[in-house]
Structures are given as structure tokens and as C-alpha cells.
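Trainee: Shown below is the structure under consideration.
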């Protein structure tokens with residue numbers, strides 16, 4: 001997947017993203033464990049917005065992402081915020097050499113970009129190896145209802161400063177999967193003409209029970225599940241599912 005155009009415009013598209021709610025969720029979970037001032041590895045860190053906010057909340061952060069373009073923007077953003085966290089370009093399915101952390105986060109449905117059951121299983125196994133004893137994994141995913149009713153056969157469009165986009169979503173090749181066809185129209189600063197760029201993004205989700213089973217199989221325990229940034233269990237109409245899991249061995 002080519003993230004170059006998407007990376008450059010990601011923050012414009014994510015202007016209304018509730019980053020502060022992800023930070024509050026992390027803080028709430030750690031407070032309940034009587035933990036603070038921890039080392040956090042943010043997997044799928046993107047342009048680094050969550051890294052900045054977690055660092056400002058008192059955490060010692062490290063970022064990892066598959067996209068070099070995303071990491072370049074993350075470095076610039078962290079530099080502007082006055083700190084330089086370690087940043088690594090790796091796949092979440094095969095993390096290595098990153099050290100040991102108290103907490104690993106995988107937010108903003110980054111896990112949904114994994115297309116196979118094996119990839120999800122390998123990611124949990126890989127994350128387990130990066131955690132200290134009794135370390136904590138926190139992640140979220142789109143619910144099945146969000147994929148099938150919130151995305152499929154929907155079209156989204158907007159005009160953001162010097163960029164416009166059309167985002168059309170279709171049913172994917174797997175059950176509970178979606179393919180997003182994203183067309184960008186970006187204004188060239190010199191010619192003032194708009195250039196067209198196209199990208200395809202695929203997402204897939206699984207049942208809560210399946211995620212829970214994979215966590216148990218890869219060495220996690222004490223699994224809790226929440227919905228939509230709350231401490232309440234998911235309902236049928238819940239759109240974003242959150243998981244808490246603790247490394248048990």
C-alpha cells in the first residue's frame with residue numbers, strides 16, 4: 001500500500017479525531033492498575049499525534065509504523081513539541097529489537113488493516129515479546145456492525161483547505177471486511193492546479209470472541225472489553241471495541 005499521499009494529508013482528514021479520548025482511555029486503564037509514568041510503545045503511530053499527547057501526559061513513548069512517510073511526519077511533529085522519541089519502521093506482525101515496555105497501544109483501528117487471521121495472531125505474539133512481565137496491551141478495532149453498516153456502500157467527501165477527497169467504501173473479499181477507494185485532489189503550490197491521487201485501503205475485523213481467543217493463545221490473560229471510549233461492555237450497536245489484556249507469561 002502506498003501511504004505517501006495519505007500520510008501527507010492524514011492530519012487534515014483526522015482533524016476531528018478524538019485523540020484526547022484515547023489518552024483518557026489509557027490513563028483510566030493505568031490508574032485502575034495503580035500505574036503511572038510508564039514506557040509506552042505506540043504501534044501504528046502514524047503522524048505521531050498520539051505520541052505527543054501521551055508524552056505530555058507523562059509517559060515515556062516510542063513509536064513504530066509500517067510507513068516511512070508517516071514516521072517522517074511523526075518526527076517533525078515530535079520535534080516541534082520539543083522531544084525526540086525513538087521511531088521505528090516495522091510491521092506490527094513482526095516487531096523486534098524495540099526493547100521492553102510497560103504498555104503497548106494499537107489505536108485508531110490500526111489493527112483492522114491486517115487482512116488475515118494469521119497476521120492478527122502474529123501481531124499479538126509479537127507484541128507479547130515487547131512487553132515486560134505483566135505488561136499491558138491496549139487496542140481498539142472497528143466492530144462488525146461498523147464495517148458492514150457504517151462503511152460498506154457508503155461514500156464520504158469533503159473539501160479541506162487545499163485538498164478535496166472522495167472516499168467510497170465497498171464490501172471486501174472476506175467476511176466483515178471493507179475496501180476504501182480514496183481519491184484525493186491536491187492543489188499544487190506552484191501551478192495552483194489540482195492533481196489527482198488514488199489509494200486503496202483495506203480493513204477487516206473479527207468477532208470479540210475471536211480476538212479474545214487469539215489473546216489467550218498468545219500468552220495474554222485478564223482480558224477486558226469495552227465499547228466506544230467507555231468502561232461499559234459492547235452492545236450490538238457499538239462501533240469501536242476496546243481491549244485490555246495483560247501479559248501473563
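Numbering (our numbering), first residue to last: 1 to 249.
We treat Cβ as the ideally placed atom computed from N, Cα and C, and that holds for glycine.
Predicted, not measured: the structure shown is a model, and the values here were computed from it.
Going by DSSP in three states, residue 168 sits in which element: helix, strand or coil?
Mentor: Here residue 168 sits in strand by DSSP.
Trainee: Between which two residues does the beta strand (DSSP E) holding residue 128 run?
Mentor: Careful: residue 128 lies outside any beta strand (DSSP E), inside the alpha helix (DSSP H) at 117–130.
Trainee: Note down the Cα distance separating residue 235 from residue 173, rounded to an integer number of angstroms.
Mentor: When rounded, the distance between both Cα atoms is 26 Å.
Trainee: When the Cβ atoms of the region 147–163 are set against those of the region 184–200, are three or more pairs found closer than 8 Å?
Mentor: yes
Trainee: What does a CB cutoff of less than 6 Å around residue 17 pick up in its chain, not counting 5 residues either side in sequence?
Mentor: Cβ neighbours of residue 17 beyond the five flanking positions: none.
Trainee: Three Cβ pairs or more, each shorter than 8 Å: is that satisfied between the region 73–80 and the region 92–99?
Mentor: no
Trainee: Select from 105, 33, 34, 71 the residue whose C-alpha is nearest the C-alpha of residue 23.
Mentor: Residue 105 is the option with its Cα nearest to residue 23.
Trainee: Could you please give me the residues that DSSP links to residue 63 through a beta bridge?
Mentor: Answer by DSSP bridge pairing, in chain order: 42, 87.
Trainee: Starting from the C-beta of residue 219, find all residues in its chain whose C-beta is less than 7 Å away, skip the five residues before and the five after it, and write them out in chain order.
Mentor: 128, 247, 248, 249
Trainee: To the nearest angstrom, how far is it from the Cα of residue 70 to the Cα of residue 124?
Mentor: Their Cα atoms are separated by approximately 22 Å.
Trainee: Looking only at C-alpha atoms, which of 148, 221, 169, 38 sits nearest to residue 239?
Mentor: 148
Trainee: Less than 8 Å between the CB atoms is what I'm expecting for residue 136 and residue 178, so what's the real figure, rounded?
Mentor: With 8 Å as the limit, residue 136 and residue 178 do not qualify as a contact, their Cβ atoms being about 29 Å apart.
Trainee: When you compare each of 202, 109, 93 to residue 66 by their alpha carbons, which one comes out closest?
Mentor: 93
Trainee: Mind checking whether residue 141 and residue 109 have CB atoms under 7 Å apart?
Mentor: yes
Trainee: What do you reckon, are the CB atoms on residue 167 and residue 151 nearer than 7 Å?
Mentor: no
Trainee: Enumerate in chain order the residues of its own chain whose CB-to-CB distance from residue 226 is below 6 Å, with the five nearest sequence positions on each side excluded.
Mentor: 242
Trainee: Can you give me the C-alpha to C-alpha distance between residue 138 and residue 194, rounded to a whole angstrom?
Mentor: Between residue 138 and residue 194, the C-alpha separation is close to 40 Å.
Trainee: Note the first and the last residue of the continuous alpha helix (DSSP H) segment covering residue 72.
Mentor: 68–81
Trainee: Please state the DSSP three-state secondary structure of residue 110.
Mentor: helix
Trainee: Around the C-beta of residue 133, are 16 or more other C-beta atoms found within 10 angstroms, so that it is buried, or is it exposed?
Mentor: exposed
Trainee: Would DSSP call residue 37 helix, strand or coil?
Mentor: Residue state, collapsed to three classes: coil.
Trainee: Mind checking whether residue 85 and residue 51 have CB atoms under 7 Å apart?
Mentor: In contact: residue 85 and residue 51 (Cβ atoms closer than 7 Å).
Trainee: If you scan the region 201–243 from start to end, which runs of the alpha helix (DSSP H) of 4 or more residues do you find wholly inside it?
Mentor: Complete alpha helix (DSSP H) runs here, min 4: 208–217.
Trainee: Take the Cβ of residue 233 as the centre, count every other Cβ of all protein chains shown within 10 Å, and call the residue buried at 16 or more, exposed below.
Mentor: exposed
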